[in-house]
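Residue numbers (the numbering used here), protein chains in the order written: chain G, 3 to 185; chain R, 3 to 185.
Backbone N, C-alpha and C define an ideal beta-carbon position, used for all residues, glycine too.
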DNA sequence: TAATTAATTAGATATATATCGAAATAATTT
DNA sequence: AAATTATTTCGATATATATCTAATTAATTA
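Okay, structure coming up:
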């Protein structure tokens, strides 16, 4: 669901010692002291790691008399793994990304301030962006005679013949008996 | 399988922008330039992220004429997610961890150089470590009379009565009609 | 109550790395 | 061949964070 939850999950596990802690807790519950001895780290360091894991919901502590017993939250681990396997969660991660940014960039790169084109892009990928933009200057369900088409295309570039041909070739317009229309 | 492979997987995804790249590539293949425009980062930065993802096997590049089209390796993603769900892979992450380190630490903390105990630990968890150590001084399948038990325990601590009681209480030894034996 | 002990928090340091700009490569178009 | 373009690599910088020691807190035992 939450994209920052996925990030927190990965960040929590992106450390060799935290991974080992998870591995150990998957077999048995341990205290901070025990983990510190086994991993040859200071208790304060272990405490830090455990708090990061706890913040991600991957471990929890139970006060056992004198000390804190930490245990693995296997359900959390499973639910995150399952999220990775689901088809919806990945696209959701990029939900707030501006997908049109590239098209806008191409448009600005190739356009003069008055809206005309500096040059016609040679690359297919960029030409398509430009063509999709140009075709918006034609209304739907209107059949344009060739001179009128040229007049509109001339706003963008003097080589109207190339633009006409590319628009048809790209499948954005169609032609029959000297008339053109959007598809 | 490989524990460092799991770590590489998590490190590769433990970054907000790399996660977004994965999210975008889960919908469509993109070039470096396109990703750079959409994420508002420099192409060199995107290239760096993609190389980290590629090293983890999560994306791959296909030379498409002029540019490189990157695509998501969904099979890799799935196999890693499945590894998280399997029961064996987690313990394997901690395979090289010294599980006895804590017991050794307790033993050293409470023992004098000659092997006798400074004090008998009050805490259950530590007392158990000491008792499991002491019981090794008794042979299996031998029935010891109480004076002999005391003689052996005296090597560890003068309060042999407490040690005797705790060994039986912990279920490490049993007693019947004045004789003691290991279980 | 005083002393011991486990755990956490705070502060400091050193390492890792995300990001950028510039340079180098590689491929394409003119 | 020269110029353009996409990508990668390199070097530098700034940020994040793993780890330690020291101090603090909380709980237990003597």
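{"Asked": "Under the rule that 16 or more other beta-carbon atoms within 10 Å means buried, what is residue 97/G, buried or exposed?", "Found": "exposed"}
{"Asked": "Are the segment 63–82 of chain R and the segment 32–42 of chain R in contact at 8 Å, needing three or more beta carbon pairs?", "Found": "yes"}
{"Asked": "Report the three-state DSSP secondary structure of residue 138/R (helix, strand or coil).", "Found": "helix"}
{"Asked": "For residue 68/R, which residues in chain G fall below 8 Å Cβ to Cβ?", "Found": "125"}
{"Asked": "Taking residue 129/G as the query, report the chain R residues whose CB atoms sit under 9 Å from its CB, ordered along the chain.", "Found": "Under the 9 Å cutoff, chain R gives no residues; its nearest Cβ is about 12 Å from residue 129/G."}
{"Asked": "Need the endpoints of the beta strand (DSSP E) that residue 181/R sits in, please.", "Found": "181–184"}
{"Asked": "Under 7 Å between beta-carbons, which chain R residues line up against residue 28/G? List them in chain order, please.", "Found": "92, 93"}
{"Asked": "Check each candidate in 90/R, 81/R, 131/R, 123/R and name the one with the smallest Cα separation from residue 103/R.", "Found": "131/R"}
{"Asked": "Mapping DSSP to helix, strand and coil, what is residue 131/G?", "Found": "helix"}
{"Asked": "Just reading off the alpha helix (DSSP H) that residue 104/R is part of, what are its end residues?", "Found": "103–112"}
{"Asked": "Report, in whole angstroms, the separation of the C-beta atoms of residue 145/G and residue 183/G, which I expect to be a contact under 8 Å.", "Found": "5 Å"}
{"Asked": "State the DSSP-derived secondary structure class of residue 93/R, mapped to helix, strand or coil.", "Found": "helix"}
{"Asked": "For residue 172/G, which option in 54/G, 87/G, 136/G, 18/G has the closest C-alpha, if you only look at C-alpha atoms?", "Found": "136/G"}
{"Asked": "Can you give me the C-alpha to C-alpha distance between residue 59/R and residue 155/R, rounded to a whole angstrom?", "Found": "59 Å"}
{"Asked": "How many Å lie between residue 94/G and residue 25/R at the Cα?", "Found": "7 Å"}
{"Asked": "Quick check: residue 158/G and residue 169/G, are their CB atoms within less than 8 Å of each other?", "Found": "no"}
{"Asked": "Mind listing the chain R neighbours of residue 24/G? Cutoff is C-beta to C-beta under 9 Å, in chain order.", "Found": "92, 95, 96"}
{"Asked": "Please report how far the alpha carbon of residue 108/R lies from the alpha carbon of residue 128/R, in whole angstroms.", "Found": "7 Å"}
{"Asked": "By DSSP, does residue 11/R sit in helix, in strand, or in coil?", "Found": "helix"}
{"Asked": "Whole angstroms is fine: what's the gap from residue 180/R's alpha carbon to residue 147/R's?", "Found": "6 Å"}
{"Asked": "Alpha carbon to alpha carbon, what distance is there between residue 64/R and residue 122/G?", "Found": "26 Å"}
{"Asked": "Got a sec: is the Cβ-Cβ distance from residue 119/G to anything in chain R below 8 Å?", "Found": "no"}
{"Asked": "CA-CA distance, residue 41/G and residue 16/G?", "Found": "16 Å"}
{"Asked": "Assign residue 18/G to one of three DSSP states: helix, strand, or coil.", "Found": "helix"}
{"Asked": "Is there a Cβ of chain R sitting closer than 8 Å to that of residue 111/G, yes or no?", "Found": "no"}
{"Asked": "Judging by CA-CA distance, which residue of 125/G, 126/G, 113/G, 185/G is the nearest neighbour of residue 141/G?", "Found": "185/G"}
{"Asked": "Please list, in chain order, all residues of the same chain as residue 177/R whose beta carbon is under 6 Å from its beta carbon, the five residues on each side excluded.", "Found": "170"}
{"Asked": "Kindly indicate which residue of 115/R, 76/R, 38/R has the alpha-carbon position closest to the one of residue 100/G.", "Found": "38/R"}
{"Asked": "Suppose you measure from the CA of residue 160/R to the CA of residue 143/R; what does that come to, to the nearest Å?", "Found": "26 Å"}
{"Asked": "I'd like to know whether the C-beta of residue 60/R is nearer than 8 Å to at least one C-beta of chain G.", "Found": "no"}
{"Asked": "Buried or exposed for residue 51/G, going by 16 or more other Cβ atoms inside 10 Å?", "Found": "buried"}
{"Asked": "Which residues in chain R have a C-beta closer than 7 Å to the C-beta of residue 80/G? List them in chain order.", "Found": "87"}
{"Asked": "Would you say residue 57/R reaches chain G, if we count a Cβ-Cβ gap shorter than 8 Å as a contact?", "Found": "no"}
{"Asked": "For the beta strand (DSSP E) containing residue 61/G, list its first residue and its last residue.", "Found": "61–66"}
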